[in-house]
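In our numbering, the protein residues as written are 4 to 352.
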């Protein structure tokens, strides 16, 4: 944290404080009590000693802050600051009247105890202002520093959680793909070769999925390869329609989002030649991407908000870029998610 640069404050602060006290505590002397020669002499002493006392109080406060740093020691620091207030008042009182003694030849000039009480009260007011300014500014800077540190730690933690959630996708997808490939090898070696080629493309993309966000165009190319793998297994049972606005292809989404949603649709719905599963992937004018599948659940009821969809919801929550909307209509199951713009992506980095 950068040191507190208070050069101007140390010069202008005593002047402002002197003017405030003169107007609200000593106005009578300027109009009713003292001759102007005495006023000029007294004000010069007051202003000069005020600057000196400001430096002394500043040194004391900064020393206490160095010895009891941080927000965790705020209570202890307050007690120390309160304990030195009488000492600083006594030092301030002594310096002011010592200067007057050397100039006028007298140490005390008060005519009654009320004036003494008022003078000491003014010194307490001065010291209180010194402590409030330096300790208040110190607390504000400490809060800002800790807020930045907390934000940085949260960002690192969220990125770590996001990577962890991404890693949960890969083994699940690998398991399903190997099962499909194993079946195809037995049924049709030629189709297995085609499947293996597409699988290579899919895993090439999968290895690059460590990024927090990817362009929608890349994700769409990936899902076309992934869709081809599914259609090898379900040649007449799966219909996939992709309609992406060209102006939104450069926007961003979390990697493997489409694979997760398409895989969920396949897992929880009936896929038959006479009852094909329809999957639609499309963008909307409000910069959202939607994945909809025809609702034809398998006889064995499975909760549709499974691990994949739950992970996707968590990922969007971690990104804090908008709400994932899950909607079940009479014939369709629709998941809609916000797209991230390039400018917003630059802010996140």
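Cβ coordinates follow ideal geometry from the N, Cα and C atoms, glycine included.
In this chain, residue 282 is not harboured by any alpha helix (DSSP H); it is covered by the beta strand (DSSP E) spanning 280 to 287. Contact annotation: the stretch 322 to 331 does not touch the stretch 230 to 242, with fewer than three C-beta pairs closer than 8 Å. Distance check between residue 229 and each of 203, 85, 124, 20 places 203 closest, using alpha-carbon atoms only. At the C-beta level, residue 45 and residue 95 stay beyond 7 Å of one another. A direct Cα-to-Cα measurement between residue 86 and residue 217 gives close to 59 Å. Put simply, of 61, 23, 25, 26 the residue whose alpha carbon is nearest the alpha carbon of residue 13 is 61. Non-local C-beta neighbours of residue 83 in its own chain, meaning closer than 6 Å and more than five positions away in sequence, comprise 67, ordered along the chain. Rounded to the nearest angstrom, the Cβ distance from residue 245 to residue 222 is 11 Å, too far for a contact under 8 Å.
Between the stretch 11 to 25 and the stretch 117 to 132, the count of C-beta pairs closer than 8 Å reaches three or more; the two stretches touch. In the structure shown, the three-state DSSP call for residue 342 is coil.
According to DSSP, residue pairing for residue 236 in a beta bridge does not occur. The three-state reading of DSSP puts residue 296 in strand, counting E and B together.
Straight-line spacing of the CA atoms in residue 54 and residue 16 works out to 8 Å. Residue 28 holds the alpha-carbon nearest to the alpha-carbon of residue 120 among 28, 284, 296, 250.
Per the coordinates, the alpha-carbon of residue 197 lies some 18 Å from the alpha-carbon of residue 178. Secondary structure of residue 263 (DSSP, three-state): helix. In the three-state scheme derived from DSSP, where H, G and I count as helix and E and B as strand, residue 272 is classed as strand.
Listed in chain order, the beta strand (DSSP E) runs fully inside the stretch 43 to 102 amount to none, counting runs of at least 3 residues. Looking from the CA of residue 346, the closest CA among 254, 279, 298 belongs to 254. Residue 241 has 280 as its beta-bridge partners, per DSSP.
Membership of residue 328 in the beta strand (DSSP E) is indicated by the continuous run 328 to 331.
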